[in-house]
Structure formats: C-alpha cells, structure tokens
Amino acid sequence: AQSVTQPDIHITVSEGASLELRCNYSYGATPYLFWYVQSPGQGLQLLLKYFSGDTLVQGIKGFEAEFKRSQSSFNLRKPSVHWSDAAEYFCAVGARKAAGNKLTFGGGTRVLVKP
Amino acid sequence: DAGVTQSPTHLIKTRGQQVTLRCSPKSGHDTVSWYQQALGQGPQFIFQYYEEEERQRGNFPDRFSGHQFPNYSSELNVNALLLGDSALYLCASSLRGGNQPQHFGDGTRLSIL
Chain Y
25 AQSVTQPDIH ITVSEGASLE LRCNYSYGAT PYLFWYVQSP GQGLQLLLKY
75 FSGDTLVQGI KGFEAEFKRS QSSFNLRKPS VHWSDAAEYF CAVGARKAAG
125 NKLTFGGGTR VLVKP
Chain L
39 DAGVTQSPTH LIKTRGQQVT LRCSPKSGHD TVSWYQQALG QGPQFIFQYY
89 EEEERQRGNF PDRFSGHQFP NYSSELNVNA LLLGDSALYL CASSLRGGNQ
139 PQHFGDGTRL SIL
C-alpha cells in the first residue's frame with residue numbers, strides 16, 4: 025500500500041527567506057508525485073508534478089521539487105517566500121496504473137509567513 | 039473555462055440523516071474522484087467514477103455511495119450520518135489515466151449536529 029509522510033506539521037518562515045517542505049513516500053515502484061496547496065476555505069491547487077525524467081521539477085508560483093529515489097523523498101522548495109505563500113501544503117502519491125489515478129495524501133504542512 | 043464546481047458550499051445535518059453532494063467536473067474531464075478531508079488532516083480517497091461506474095474505492099463504509107451521470111457530473115451520497123462524517127468533501131476531476139493530474143473544487147463543508 026502507498027503512503028505519504030510529511031514530518032513537519034507547522035513551519036514558520038520570514039518573508040523573503042527560503043522554504044523547504046519535506047515529503048517521504050512509500051510505494052513499491054516509482055510513483056507519480058504531486059504537491060498541492062490549500063488556502064483557508066478553499067480546495068487544492070496543483071503546484072507541480074513528477075512523472076518521470078528530470079528529477080528536479082518546476083511548478084507554479086516559483087516552487088520546485090526534487091525527486092530522490094534513494095531517499096524516497098520529494099521535497100518542495102522556494103528560494104524566497106512571499107506573504108501570499110501562507111497556506112497548507114500537501115504532498116501526494118499516485119499509483120502507476122493504466123487506469124485510475126487515486127491519490128494518497130500526507131497530513132499536510134501549514135506554513136506561516138512572518139513579515 | 040469553468041473549473042470543478044461543487045454544491046452546496048455548506049451543509050448542516052443531524053445524526054441519522056442522509057445527504058447528497060454534487061460535483062460538475064472541469065470541461066473536458068471524464069473522471070471524478072471524491073475525497074473526505076477532516077479538520078487538520080489530509081484528504082482521504084473515497085471513490086472514483088468514470089464511464090458511470092465506480093472504479094476504485096477507498097476504505098469507507100457502504101454508507102458512502104456515488105453516482106456519475108452521462109454528462110460526467112457526479113453525486114456523493116452519505117446515509118445514516120454520524121458525527122464523525124463532519125468534514126470538507128472535495129471533488130476532483132481529471133482525464134482517465136494514472137498520470138493525469140486531478141483538479142479540485144472548493145469543497146462542501148458538511149457539519150453534523
């Protein structure tokens with residue numbers, strides 16, 4: 025069975041500082057990997073995805089993530105955080121099946137941005 | 039181009055009642071998935087529909103059922119509501135296939151009294 029762990033429940037970062045959110049997954053092979061962001065009272069917005077190829081993927085809003093097979097990790101990074109980045113971030117894994125794209129989510133990391 | 043729309047946005051029910059939540063997928067998408075997000079937790083997969091049939095199901099009891107219509111829209115039904123069913127219910131749509139990213143609606147907040 026697939027699973028996702030996000031070790032940090034809360035992270036506080038100063039505006040303009042760098043941000044890194046950790047994600048570890050458990051899956052029998054190389055999965056599909058996703059990062060989503062959720063603002064209060066809203067649904068989830070896709071930030072980026074990894075399917076294959078280059079292990080460093082670029083997403084929207086200046087985010088990037090690096091897939092490391094040896095560490096079963098898919099950490100999200102942003103070089104300089106803006107106040108609007110305050111939100112909850114979810115890492116998710118999808119199975120490599122011909123049909124069906126069920127996602128398994130981690131528990132999320134809430135990011136607070138200090139002025 | 040409208041994204042995923044869900045209705046209603048908020049709903050209050052009492053224990054034992056039944057509820058129906060609705061979802062219209064993003065234009066061009068044929069697959070709809072439903073997730074339950076309890077407060078402070080990540081979304082949990084309930085089930086997925088395409089071609090009007092349930093194709094995958096998560097670890098949820100039979101009280102949770104669904105339907106997909108020919109226009110790809112979908113309903114989630116929950117019977118015999120429990121206090122623990124209070125959550126944000128998210129609908130996601132995509133094209134069929136494991137490598138297709140899912141697009142989420144803003145959810146329906148269900149409160150059980």
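As they're listed, the protein sequences go chains Y and L.
In case it helps, our numbering puts the first sequence at residues 25 to 139.
In case it helps, our numbering puts the second sequence at residues 39 to 151.
Even glycine gets a Cβ: it sits at the ideal position worked out from N, Cα and C.
Predicted model only: the values in this text are computed from it and were never measured.
Check your understanding: Y/Y51 touches chain A at which residues, Cβ-Cβ below 7 Å?
Key -> No chain A is part of this structure, whose protein chains are labelled Y and L.
Point to revise | Buried or exposed by the 16-neighbour rule on C-beta atoms within 10 Å, applied to L/N97 | key: Within the second sequence, residue 97 of chain L is the residue found at index 59, counting from 1. Exposed.
Review point. Residues in its own chain within less than 7 Å of Y/R93 by CB, not counting five upstream and five downstream?
Key: Counting from one through the first sequence, the residue named residue 93 of chain Y turns up at place 69. When the five nearest sequence neighbours on each side are left out, the beta carbons in the same chain lying within less than 7 Å of the beta carbon of Y/R93 are those of T54, in order along the chain.
Check your understanding: Given Y/Y51, which residues of its chain have a CB within under 7 Å of its CB, disregarding the five upstream and five downstream residues?
Key -> Residue mapping note: residue 51 of chain Y aligns to position 27 of the first sequence, counting from 1. Here the set comprises Q26, V117.
**Study point:** Touch test, the region 81 to 94 of chain L against the region 71 to 78 of chain Y, Cβ-Cβ under 8 Å, three pairs minimum
**Key:** Contact between the region 81 to 94 of chain L and the region 71 to 78 of chain Y is absent, because fewer than three Cβ pairs lie under 8 Å.
Review point. Do we get a CB-CB distance below 8 Å when we pair Y/G77 with the residues of chain L?
Key: Within the first sequence, the letter at position 53 stands for residue 77 of chain Y. For Y/G77, the answer is no, since every Cβ of chain L falls outside 8 Å of its Cβ.
Review point. Opposite L/N115 in the DSSP bridges: which residues?
Key: Reading the second sequence from its first residue, position 77 is the one you call residue 115 of chain L. According to DSSP, L/N115 shares a beta bridge with L/T58, L/S103.
Review point. Residues of chain Y with a CB under 8 Å from the CB of L/P99: which are they?
Key: Within the second sequence, the letter at position 61 stands for residue 99 of chain L. Result: empty, since nearest Cβ-Cβ is about 18 Å, beyond 8 Å.
**Study point:** Residue span of the beta strand (DSSP E) that contains Y/G118, given as start and end
**Key:** The count along the first sequence starts at 1 and reaches residue 118 of chain Y at position 94. Its beta strand (DSSP E) spans residues 111 to 118.
Check your understanding: Between L/V57 and L/G143, which are expected to be in contact by the criterion C-beta below 8 Å, what is the C-beta distance as a whole number of angstroms?
Key -> Position 19 of the second sequence, counted from the start, is the residue given in the question as residue 57 of chain L. Position 105 of the second sequence, counted from the start, is the residue given in the question as residue 143 of chain L. About 16 Å separates the CB atoms of L/V57 and L/G143; that is not less than 8 Å, and the two are not in contact.
Point to revise | Span separating the alpha-carbon of L/Q106 from that of Y/T128 | key: Working through the second sequence from its first residue, we reach residue 106 of chain L at position 68. Working through the first sequence from its first residue, we reach residue 128 of chain Y at position 104. Cα to Cα, L/Q106 sits roughly 22 Å from Y/T128.
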